[in-house]
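Undergrad:
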Amino acid sequence: MLIKCNSNFKILFYFSEMANVKSDDTHLRHCMLFLFRQKINATEATRIICSVYGDVLKVNKCQRWFRKFGSGNFDISDGPRSGRPTELDDDMLKAIVELDPRQSIQELSDKLNSSWSTVQEHLAKIGKVSRQGIWIPHNLTENNKLTRLTICISLLSRQQSDPFLHRIITGDEKWVLYVNNKRKRQWLSHGQTPIPTAKDDLHPKKVLLCVWWDSIGIIHFELLKYGQTITAEVYCEQLDRLHKSLTLKRPALLNRKGVILQQDNARPHSAKKTTEKIRKLGWEILPHPPYSPDIAPSDYHLFRSLEHYLGNKTFRNPDDVHSGLTDFFSSKDANFYKKGIEMLKNRWQTIINNDGDYILD
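Everything in the sequence shown is counted per the working numbering, starting at 864 for the first residue and increasing by one.
1) If I follow the unbroken beta strand (DSSP E) through glutamine 1022, where does it start and stop?
2) Just checking my contact of leucine 1003 with tyrosine 1221 at CB under 8 Å: how many whole Å lie between their CB atoms?
3) How is glycine 1203 classed by DSSP in three states: helix, strand or coil?
4) The alpha helix (DSSP H) that contains valine 1039, what's its start and end?
5) Closer than 8 Å by C-beta to serine 934: which residues in its own chain qualify, once you throw out the five before and the five after it? Chain order, please.
6) Assuming leucine 1149 and glutamine 1125 make a contact with CB atoms under 8 Å, what is their CB distance in whole Å?
7) Flag this pair as touching only if the stretch 1190–1204 and the stretch 1069–1081 have three or more C-beta atom pairs under 8 Å; answer yes or no.
8) Counting Cβ pairs closer than 8 Å, one from the stretch 1149–1163 and one from the stretch 1014–1032, do we hit at least three?
9) Between the Cα of arginine 900 and those of Lys924, Asn936, Cys913 and Val919, spot the shortest distance and give me the residue it belongs to.
10) Assuming the contact rule is C-beta atoms closer than 8 Å, valine 1042 and lysine 991 should be a hit. Round their C-beta distance to whole Å, please.
11) How many angstroms separate the CA atom of glutamate 907 from the CA atom of serine 967?
12) Out of curiosity, what's the CA-to-CA distance linking threonine 1228 and serine 1168?
13) What's the C-alpha gap between aspartate 1166 and leucine 1086?
14) Tell me whether aspartate 1035 is buried or exposed, calling it buried when 16 or more other Cβ atoms sit within 10 Å of its Cβ.
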């Protein structure tokens, strides 16, 4: 019977007339083909079919059939498909997934010549779950990995023969936002509207924190003035202020043991002028491989805790930020800072075990 429909109401009436027909796969495919010919999109077609038969069709399944119809193939039968295996080899699936875990189910389905639903079922069977990948600072080259490996072996060997972690002064920079909105998951009843969270501004107000600390606590921190950037000249001035703070807070370190400065390889830190300044101060620079925040104590320890503290906090001006940071730093006891420095030993060892690759945590 050929039925001409010009509105969703007529289509729905047609399905209602057919409601006594068993809603098996073949009939649902007839319905999808009918709606496709009416130039209705897959999402709306799914809604119409489910309004008659209940939750019998998913949008992604309807979209696959619509793509097939769109290619000119209107065959809705379950006829045999050349090359399609009756069973999926779990060992083969596992090998393909572990070779590249970032493949989609559709990509795996195409490679194994199996249906999307079958691949999904067998992924669950072999214990694979979909998780969001994590960001890494840099795609490390083999030379990058070798440099990281060599430096970590050297530092760990030195620490074992002549412990020096207590001499390390580590420093880094971090942007601190005035408004720190944090969207949290919410437990809600059915139909309950979640509490909204304001979206961050595209260009939020922020201030740059520069901080130096050791295994005892914070030695010096400051906030850059608005519009000021870190240059070699600015950094050298900061090192002078750090030296004054060390004179007051760690005189024994300056007079007898000697400072070992841990910093990254940002241009102001590694500039010739900066290197000369550190030499005049009589400090040693701890070797630090490029692209290695995973062995920078501020990145893997201090700033992670600070980020949690800043969640949902609002500051009006730099003085507010300075006060909030003072409260945070003073709330941490000596064990917190000691742990952050002493973690270096295990992290150097982990990089050695990883053949120079990143620590993913």
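Backbone N, C-alpha and C define an ideal beta-carbon position, used for all residues, glycine too.
TA: Looking at the atomic coordinates:
1) No beta strand (DSSP E) contains glutamine 1022, which is instead part of the alpha helix (DSSP H) from 1005–1024.
2) 7 Å
3) helix
4) Taken as a continuous stretch (DSSP letters only), valine 1039 belongs to no alpha helix (DSSP H), being part of the beta strand (DSSP E) at 1031–1040.
5) none
6) 4 Å
7) yes
8) yes
9) Asn936
10) Actually they do not touch by this definition, with Cβ atoms about 40 Å apart.
11) 25 Å
12) Shown here, the chain extends from 864 to 1224; a query on residue 1228 therefore has no answer.
13) For the sequence presented, residue 1166 should be read as phenylalanine rather than aspartate. For phenylalanine 1166 and leucine 1086, the distance between alpha carbons rounds to 15 Å.
14) buried
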